[in-house]
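K.L.:
Numbering (the numbering used here), first residue to last: 7 to 566.
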């Protein structure tokens, strides 16, 4: 390891910790305890990288970073922000100030070293690119002088220089875009995780209210409106997770018409009465292997896009058919063999120009006024279709509406069609003891209220270590464990492995707001993953099923 690093933090313990960690890896480390000293140190001897605390007296980290970026002599020094996990930390402001990354306290040594190593490497690459460009320009100048005798050779040299400059600019733009999308993806995943916890609290308590309120009462109607709004928030959260690629793709044999039918009720609520919805189904059932949740998101996103294209009303036509997709030899789906299933969503709206169609699937691209769209909807559609091995065909003309035709590989109907189990909130416990571990107090209280409402006795703890301690004192009574995966001390996955290693036989439910490929659950038939947010009847059904079966009937991890 090599490189000089400036650590800026007003907490001496943090400075010592980082200095020791980086010094052991061979970095040249120096430190400053406030923003003024940091700026003076950088001016005297610019470092290769700066670890900069946000909360400091007199001058905070944001201001220090802005001043560094305003000075051409220090603008290229990468700045990694340091922030305590419990502090109010504006990630958008951090990146706007010029930061390239951030690390939360308490520090994870491997994370700090990995981020430092990555950004030092990127910084070195930028310097090497700059040096290479300077050398290239020198060579071009030399060549131009040598070939100045003939205009033709001079024009060729100029053309070469223009081409190299364009390639350099393209590479720089690609690097900038990749860094930007990586940062936005991290931010989106973090925000979605927090929203999942909040929506778990909202939906759980609404279920309790609706279960107790009299039918058709004013309060019940108001609670139902809130529940509909919360369901739309769930859709937005899943969109963020899909964009951050933290939403799993749980493929299974499905009929596309079932997805469309399940989406119809929500579409009727989302679309104004001036928009007529026409659904045309194929005469024969068409099966495909897909994640029904993600396909439903595709239908909703395309329908919302169509709604916005018809401000004065019109017709939204959703059709399902079999056929052969258009052939594009350069497409990754060129090998898709017929028959294929086609989901078509067409509108009678204003249509799109060719320029808009070219950028349609770019993340955050939107033709709507600022504040009226995220620009993620169609980017998510493209990502879902791609993950399912499909392709998209677009037909649009200004003033004559738009049509999206989504093609997917078709499969033979399964021998025994899957039928979704139906569960009722009426599922009740008989006083069984359930141990709940959840670090978020609002979610913890909601779990407790729901399970008490369902007739269970609940024991709650706030972290993984407390879960293991409480199990050892209450194991004679506890029949089932529910644990969040993202907790301080020990994660839910870690706790489940410890308990299984100790021979604990009871079922374990692990809840999570972001389930990605890194989350691995033991396939022991007794451990189940449930994705937040969820409704009371969903939790009741899972708990009842596991308690009745003792976990013996579950052969794979699952998510609701």
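Just so it is clear, CB atoms sit at the ideal spot from N, CA and C, and this is done for glycine as well.
Using CA atoms only, rank isn't needed, just tell me which of 96, 106, 97 and 98 is closest to residue 74.
P.N.:
Among 96, 106, 97 and 98, the Cα nearest to that of residue 74 is on 106.
K.L.:
So the alpha helix (DSSP H) residue 547 belongs to, where does it begin and stop?
P.N.:
Counting along the chain, the alpha helix (DSSP H) containing residue 547 begins and ends at 542–555.
K.L.:
Identify whether residue 261 lies in helix, strand or coil by the three-state DSSP scheme.
P.N.:
Here residue 261 sits in strand by DSSP.
K.L.:
Considering just the uninterrupted stretch of the alpha helix (DSSP H) at residue 410, what are its terminal residues?
P.N.:
Segment 408–415 is the beta strand (DSSP E) holding residue 410; no alpha helix (DSSP H) there.
K.L.:
How many Å lie between residue 462 and residue 438 at the Cα?
P.N.:
Each residue's Cα considered, the two are about 5 Å apart.
K.L.:
Quick check on this structure: which residue in 285, 308, 345 and 17 has the alpha carbon closest to the alpha carbon of residue 293?
P.N.:
That would be 345, whose Cα lies nearest to the Cα of residue 293.
K.L.:
Of the choices 436, 355 and 391, whose alpha-carbon is the least far from that of residue 403?
P.N.:
Considering only alpha carbons, the answer is 355.
K.L.:
Quick check on the burial criterion: 16 or more other C-beta atoms within 10 angstroms. Buried or exposed for residue 447?
P.N.:
Burial call: exposed.
K.L.:
Could you check if residue 479 is buried or exposed, using at least 16 other CB atoms within 10 Å of its CB as the buried criterion?
P.N.:
Exposed is the call here.
K.L.:
Which first and last residues belong to the alpha helix (DSSP H) in which residue 26 is found?
P.N.:
First-last of the alpha helix (DSSP H) with residue 26: 18–30.
K.L.:
Count the other CB atoms, across all protein chains shown, that sit within 10 Å of the CB of residue 177; report buried if there are 16 or more and exposed otherwise.
P.N.:
The residue in question, residue 177, is exposed, as its Cβ has fewer than 16 Cβ neighbours within 10 Å.
K.L.:
Can you pull the DSSP bridge partners for residue 34?
P.N.:
In the DSSP output, where bridge partners are listed per residue, residue 34 has 10.
K.L.:
Is it the case that the region 319–330 contacts the region 357–365, given that we only count it when at least three CB pairs across the two stretches are under 8 Å?
P.N.:
No: fewer than three Cβ pairs fall under 8 Å.
K.L.:
Helix, strand or coil: how does DSSP classify residue 15 here?
P.N.:
In this structure, residue 15 counts as coil in the three-state DSSP scheme.
K.L.:
Could you check where the beta strand (DSSP E) with residue 312 kicks off and where it finishes?
P.N.:
Looking at the DSSP string, residue 312 is not in any beta strand (DSSP E); the run it does join, the alpha helix (DSSP H), is 298–315.
K.L.:
Measure the alpha-carbon distance for residue 45 versus residue 166 and round it to whole angstroms.
P.N.:
Going by the C-alpha atoms only, they are around 42 Å apart.
K.L.:
For residue 107, which beta-bridge partners are listed by DSSP?
P.N.:
DSSP, once it has assigned bridges, lists 86 as partnering residue 107.
K.L.:
With a threshold of 6 Å on Cβ separation, who are the neighbours of residue 272 within its own chain once the five nearest residues in sequence on each side are excluded?
P.N.:
Hits under 6 Å: none found.
K.L.:
Determine the contact status of residue 89 and residue 108, defining contact as a CB-CB distance below 8 Å.
P.N.:
Yes. Within cutoff.
K.L.:
Below 6 Å CB to CB, which residues in the same chain sit around residue 298 once its five sequence neighbours on both sides are set aside?
P.N.:
Excluding residues within five positions, the ones whose Cβ falls inside 6 Å are 260 and 265.
K.L.:
Would you mind working out which of 283, 217, 327 and 315 sits nearest residue 289, comparing C-alpha positions?
P.N.:
Per the Cα distances, 327.
K.L.:
Buried or exposed, going by whether 16 or more other CB atoms sit within 10 Å of the CB of residue 138?
P.N.:
The residue is exposed, with fewer than 16 neighbouring Cβ atoms inside 10 Å.
K.L.:
Relative to the alpha-carbon of residue 391, which residue among 449, 466, 436 and 301 has its alpha-carbon at the smallest distance?
P.N.:
Checking every option, the nearest Cα to that of residue 391 belongs to 301.
K.L.:
So, using beta-carbon positions, are residue 535 and residue 548 closer together than 8 Å?
P.N.:
Contact flag unset, no.
K.L.:
By DSSP, does residue 446 sit in helix, in strand, or in coil?
P.N.:
In this structure, residue 446 counts as coil in the three-state DSSP scheme.
K.L.:
Residue 546 to residue 453, Cα distance in whole Å?
P.N.:
Cα to Cα, residue 546 sits roughly 11 Å from residue 453.
K.L.:
Taking 7 Å as the cut-off, is the CB of residue 369 close to at least one heavy atom of the ligand PLP?
P.N.:
Absence of the ligand PLP from the depicted structure is noted, as is the absence of any ligand whatsoever, leaving it without description.
K.L.:
Thinking just about the alpha-carbon of each residue, which of 230, 366 and 117 is nearest to the one in residue 386?
P.N.:
Taking only the C-alpha atoms, the option nearest residue 386 is 366.
K.L.:
Look at the alpha carbon of residue 155 and the alpha carbon of residue 164, and state the distance between them as a whole number of angstroms.
P.N.:
In a straight line, the C-alpha of residue 155 is about 14 Å away from that of residue 164.
K.L.:
Just to confirm, is the Cβ distance from residue 408 to residue 357 under 8 Å?
P.N.:
Going by C-beta atoms, residue 408 is nearer than 8 Å to residue 357.
K.L.:
Could you give the distance in angstroms between the alpha-carbon of residue 121 and the alpha-carbon of residue 135?
P.N.:
Their Cα atoms are separated by approximately 21 Å.
K.L.:
Going by DSSP in three states, residue 455 sits in which element: helix, strand or coil?
P.N.:
Reduced to three states, the DSSP call for residue 455 is helix.
K.L.:
Could you check what DSSP says for residue 61 in three-state terms: helix, strand or coil?
P.N.:
In the structure shown, residue 61 sits in coil (DSSP, three-state: anything other than H, G, I, E or B).
K.L.:
Where do the N-terminal and C-terminal ends of the alpha helix (DSSP H) with residue 470 fall, by residue?
P.N.:
Its alpha helix (DSSP H) spans residues 470–480.
K.L.:
Can you check which of these residues, 541, 440 and 172, is closest to residue 210 by C-alpha distance?
P.N.:
Closest option to residue 210, Cα to Cα, is 541.
K.L.:
In whole angstroms, what is the alpha-carbon distance linking residue 555 and residue 532?
P.N.:
In a straight line, the C-alpha of residue 555 is about 9 Å away from that of residue 532.
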